[in-house]
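Residue numbers (my numbering): 55 to 303. Cβ coordinates follow ideal geometry from the N, Cα and C atoms, glycine included.
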């Protein structure tokens, strides 16, 4: 199996999100702290539970057991949402039976035993930012360091989420220039040069133009042609070799 980094479709990405992946081999799951909107959030808060819209999960027997158990929990408790059922299973099975520790902030000294940790609210802020959804003021609170991702939860409805992302200069989905260098510059100007908005949008732009799509298709066609030719060469070599009479030497 594979380790999984999951981001909801409404997550605004400011930098390559691989930075969210824990480096400690004892960590099995890293979650986004689910913090209610307010202005006094600290960078080391872990919250009571995690938001299931932003997480990293290790390919481990513990995580496989957790995810499989959640399906049964959802069937048994359809009155609860999937996130509540997810953490109910953690408390009952993972924490009690398997001893997975909780309450740690990712990147801080952790126990040398299996655990789950909370991504820093300054690195992966959730909807608590709607208490002050302006990049400049949010950057001041984060001591000038832009987050990796921003998740506008605690907001219901697509229109409201888009409005919040616009306030944060993270919505670039309107108009023909949505993936243009102009939009990328606006993102970098709002959040500072440490963001990779230009990098992300320029690469997205390459795949929305007719030339990019044509080049992409050509690369696929040539790649397949090379594979077919290589396969035919192997078949020819095998057939030719197999038809020879046994050597007398």
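Nearest-angstrom beta carbon gap, residue j and residue i [assumed within contact, 8 Å]
| i | j | result |
| --- | --- | --- |
| residue 193 | residue 169 | Not a contact, Cβ separation roughly 31 Å. |
| residue 222 | residue 209 | Going by Cβ atoms, the distance from residue 222 to residue 209 rounds to 12 Å, so no, they are not a contact pair. |
| residue 112 | residue 82 | 5 Å |
| residue 66 | residue 196 | In fact, because the Cβ distance is near 14 Å, the residues do not count as touching under 8 Å. |
| residue 86 | residue 178 | 5 Å |
| residue 173 | residue 56 | The pair is not a contact, with the Cβ atoms about 20 Å apart (cut-off 8 Å). |
C-beta atoms of residue i and residue j nearer than 9 Å
| i | j | result |
| --- | --- | --- |
| residue 88 | residue 207 | yes |
| residue 96 | residue 175 | yes |
| residue 137 | residue 105 | yes |
| residue 61 | residue 108 | yes |
| residue 59 | residue 68 | no |
| residue 76 | residue 185 | no |
| residue 245 | residue 189 | yes |
Straight-line Cα distance separating residue j from residue i
| i | j | result |
| --- | --- | --- |
| residue 124 | residue 64 | 23 Å |
| residue 212 | residue 225 | 12 Å |
| residue 115 | residue 148 | 11 Å |
| residue 129 | residue 243 | 47 Å |
| residue 167 | residue 79 | 9 Å |
| residue 70 | residue 202 | 7 Å |
| residue 159 | residue 98 | 6 Å |
| residue 139 | residue 150 | 16 Å |
| residue 135 | residue 126 | 13 Å |
| residue 277 | residue 236 | With a pLDDT of only 45 at residue 277, under the threshold of 50, the placement of this residue in the model should not be trusted, and no figure is reported. |
| residue 171 | residue 84 | 5 Å |
| residue 133 | residue 191 | 39 Å |
| residue 240 | residue 117 | 40 Å |
| residue 10 | residue 146 | Since the first and last residues shown for the chain are 55 and 303, residue 10 lies out of range. |
| residue 121 | residue 214 | 30 Å |
| residue 216 | residue 238 | 17 Å |
| residue 180 | residue 131 | 26 Å |
| residue 163 | residue 157 | 12 Å |
| residue 103 | residue 144 | 10 Å |
Where the beta strand (DSSP E) through residue i begins and ends
| i | result |
| --- | --- |
| residue 121 | Premise fails: residue 121 lies in the alpha helix (DSSP H), 115–130, not in any beta strand (DSSP E). |
| residue 86 | 81–87 |
| residue 105 | 104–111 |
| residue 158 | 155–159 |
| residue 173 | 169–173 |
| residue 219 | That residue, residue 219, is in no beta strand (DSSP E); its alpha helix (DSSP H) goes 212–221. |
| residue 61 | 58–61 |
Boundaries of the alpha helix (DSSP H) in which residue i is found, first to last residue
| i | result |
| --- | --- |
| residue 142 | 136–143 |
| residue 194 | 189–195 |
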